[in-house]
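The opening residue of the sequence shown carries number 2 in my numbering; numbering runs sequentially from there.
Cβ atoms here follow ideal geometry from the backbone N, Cα and C, with glycine treated the same way.
Small disclaimer: the values here were computed from a predicted structure and weren't measured.
Here is the structure we will look at.
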Amino acid sequence: GEPGTQLTMRTFHTGGVAGQDITQGLPRVVELFEARKPKGLAQMAEVAGKVSVEQTEKQVVVTVLEGSGEESSYTFPPRTRLNVKDGDKVEVGEQLNEGSLYPADVLSIRGRTAVEQYLVAEVQRVYKAQGVEINDKHIEVIVRQMLKKVEVETKGSTELLPGQLEDRQILKQINKQVKADGGTAAKAQEKILGITKASLATKSFLSAASFQETTKVLTDAALEGKRDRLVGLKENVIIGKLIPAATGLKHYRSMTIEPTEPFAPAEEAVLLEEDLVVENGDGANGADGFGESFADELDEISQEIDAGAEK
């Protein structure tokens, strides 16, 4: 949108920014919103405990010793700048070395709230470094869509499949209904999607087709016989309808559409032999005497053919 355009303009055309690394500009924002693994990846402690650092010529090994006696080791290149030193105590999710965190790792180790805060903070850092002011709410809307889906682990008594991506709210409704019926609820884990995958994973094929991979989205929708319920804003704009938003939303949601009665199937006309009448003159047996049934004419023609064959 406009903030992204201004960021691009400032990144490429501001004299004071010319000396900065361009990867800290818009490409970094794209990297965050696509939830990609960064180049300078930083690792986080998966457990809490005491740090032990062992450095050799080829690598640096950081070991975290838990209170229970179990160890977790992390290997780094020899010139890596560490955020911890030998004898330090670390907590779960604490960053061990300098660099950028992988959003998927933040989600699995520190949870959903932590990755939301991390993405918002990192995007804001890039924008502010380029002199662009943007409200947090705009970034939060995008991040919420990135974390909208969950991945099913066990199906329970539902009709879902393991590995299937499902909307968080829909899964809650399904589990609620299953529990009410005395069944076992499905279990799912948090999943973060890049904005491209998140946009293509929407229920509306019209909305997905307007973003990317238009041909593929429409082809898949046709093969699967999908129906678009026109719930969102984008699909309603595409077909020229009022968007379901603003002050008229309540009235819009309360509307009920009743389908018209389908047309009765036309009765198939049965062609009977007596209906196939060659009408000449005034009626079935016209004044000129040529009115005969179609079957009689066929008999006469066949007799003439047989007579000609005998001669």
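**OP:** Kindly list the residues whose CB is nearer than 8 Å to the CB of Val238, restricted to its own chain and excluding five residues on each side of it in sequence; keep chain order.
**Re:** Here the question's residue 238 lines up with position 237 in the sequence shown. Excluding residues within five positions, the ones whose Cβ falls inside 8 Å are Ile244.
**OP:** Would you list the one or two residues that DSSP bridges to Asp168?
**Re:** As a working note, residue 168 is residue 167 in the sequence shown. Lys150.
Subject >> Validate contact between the segment 137–152 and the segment 198–207 using beta carbons, cut 8 Å, 3 pairs >> reply: With the cut-off at 8 Å, the segment 137–152 and the segment 198–207 touch.
Subject >> Between the CA atoms of Asp300 and Gly284 - distance to the nearest angstrom >> reply: By one-based count along the sequence shown, residue 284 stands at place 283. By one-based count along the sequence shown, residue 300 stands at place 299. Note that Gly284 has pLDDT 46, beneath the 50 cutoff, so the model's placement of it is unreliable and no number is given.
**OP:** Tell me where the beta strand (DSSP E) around Ala122 begins and ends.
**Re:** For the purposes of this step, residue 122 is taken as residue 121 along the sequence shown, with counting starting at 1. Element bounds for Ala122: not the beta strand (DSSP E) but the alpha helix (DSSP H), 113–130.
Original post:
Quick one: complete alpha helix (DSSP H) runs, 4+ long, within the segment 22–89?
Top reply: With a minimum length of 4 residues, the continuous alpha helix (DSSP H) runs that stay inside the segment 22–89 are 27–34.
Original post:
Got a sec? Which residues, its chain only, sit under 7 Å from Val151 by beta carbon, not counting five neighbours each side?
Top reply: Locating residue 151 in the sequence shown gives position 150, where the first residue counts as 1. Hits under 7 Å: Glu167, Arg169, Leu172, Ala189, Gln190, Glu191, Lys192.
Original post:
How is the alpha helix (DSSP H) around Lys251 delimited, first residue to last?
Top reply: As a working mapping, residue 251 is identified with position 250 in the sequence shown. Counting along the chain, the alpha helix (DSSP H) containing Lys251 begins and ends at 250–254.
**OP:** Using beta-carbon positions only, say whether Ser109 and Pro39 come within less than 9 Å of one another.
**Re:** Counting from one through the sequence shown, the residue named residue 109 turns up at place 108. Counting from one through the sequence shown, the residue named residue 39 turns up at place 38. No; because the gap between Cβ atoms is not below 9 Å, this pair is not in contact.
Subject >> Sequence-distant residues of the same chain with beta carbon closer than 7 Å to Ala222, five excluded per side >> reply: Residue 222 sits at position 221 when you count from the first residue of the sequence shown. For Ala222, where only same-chain residues beyond five positions count, the Cβ hits under 7 Å are Phe206.
**OP:** Take Asp22 and list the residues in its own chain whose beta-carbon comes closer than 6 Å to its own, dropping the five residues that flank it on each side.
**Re:** Here residue 22 is taken as the residue at index 21 of the sequence shown, counted from 1. Residue placement at Asp22 is poorly supported in this model, since its pLDDT is 48, which falls under 50; the coordinates still yield a value, given next. Listed in chain order, the non-local C-beta contacts of Asp22 below 6 Å within the same chain number zero, local neighbours out to five positions each way being set aside.
Subject >> Chain-order list of residues whose beta-carbon lies under 7 Å from that of Val48 (same chain, five-residue window excluded) >> reply: Numbered from its first residue, the sequence shown carries residue 48 at position 47. Here the set comprises Val65, Glu67, Ser73, Val93.
**OP:** Let me know if Ala209 comes out buried or exposed under the rule of 16 or more other beta-carbons within 10 Å of its beta-carbon.
**Re:** Numbered from 1 along the sequence shown, position 208 holds the residue referred to as residue 209. So Ala209 counts as buried.
Subject >> 8 Å contact criterion, which Lys242 and Leu250 should meet: CB distance rounded >> reply: As a first step, residue 242 must be located in the sequence shown, where it is residue number 241. As a first step, residue 250 must be located in the sequence shown, where it is residue number 249. Not a contact, Cβ separation roughly 13 Å.
**OP:** For Lys140, count neighbouring C-beta atoms within 10 Å of its own C-beta (all shown protein chains included) and say buried if the count is 16 or more, exposed if not.
**Re:** Within the sequence shown, numbered from 1, the residue matching residue 140 stands at position 139. Note that residue 140 is Ile in the sequence shown here, rather than Lys. With 16 or more other Cβ atoms within 10 Å, it is buried.
Original post:
From the DSSP output, which residues share a beta bridge with Glu191?
Top reply: As a working mapping, residue 191 is identified with position 190 in the sequence shown. In the DSSP secondary-structure assignment, Glu191 is bridged to Val151.
Original post:
Do you know how far the Cα of Leu83 is from the Cα of Thr57?
Top reply: Numbered from 1 along the sequence shown, position 56 holds the residue referred to as residue 57. Numbered from 1 along the sequence shown, position 82 holds the residue referred to as residue 83. Just so you know, the alpha carbons of Thr57 and Leu83 end up roughly 14 Å apart.
Original post:
Got a sec? Which residues, its chain only, sit under 8 Å from Asp87 by beta carbon, not counting five neighbours each side?
Top reply: By 1-based counting over the sequence shown, the position of residue 87 is 86. For Asp87, where only same-chain residues beyond five positions count, the Cβ hits under 8 Å are Val52, Ser53, Val54.
**OP:** Please go through the same chain and pick out, in chain order, the residues whose beta-carbon is closer than 6 Å to the beta-carbon of Thr24, but skip the five residues on each side of it.
**Re:** To locate residue 24, count along the sequence shown from 1; it is residue 23. Note that Thr24 has pLDDT 48, beneath the 50 cutoff, so the model's placement of it is unreliable and the number below is only indicative. So the list is empty, once near-sequence residues are dropped.
**OP:** Closer than 6 Å by C-beta to Glu117: which residues in its own chain qualify, once you throw out the five before and the five after it? Chain order, please.
**Re:** Locating residue 117 in the sequence shown gives position 116, counting from the first residue. Result list for Glu117: Val144, in chain order.
Original post:
What do you reckon, are the CB atoms on Leu97 and Met45 nearer than 9 Å?
Top reply: Residue numbering aside, residue 97 sits at position 96 when the sequence shown is read from its first letter. Residue numbering aside, residue 45 sits at position 44 when the sequence shown is read from its first letter. Contact: yes.
**OP:** Just the C-alpha distance for Gly313 and Pro260, rounded to the nearest angstrom, thanks.
**Re:** Because the chain here runs from 2 to 312, residue 313 falls outside it and cannot be looked at.
Original post:
Which word fits Ile175, buried or exposed, when buried means at least 16 other C-beta atoms lie within 10 angstroms of its C-beta?
Top reply: As a working note, residue 175 is residue 174 in the sequence shown. With 16 or more other Cβ atoms within 10 Å, it is buried.
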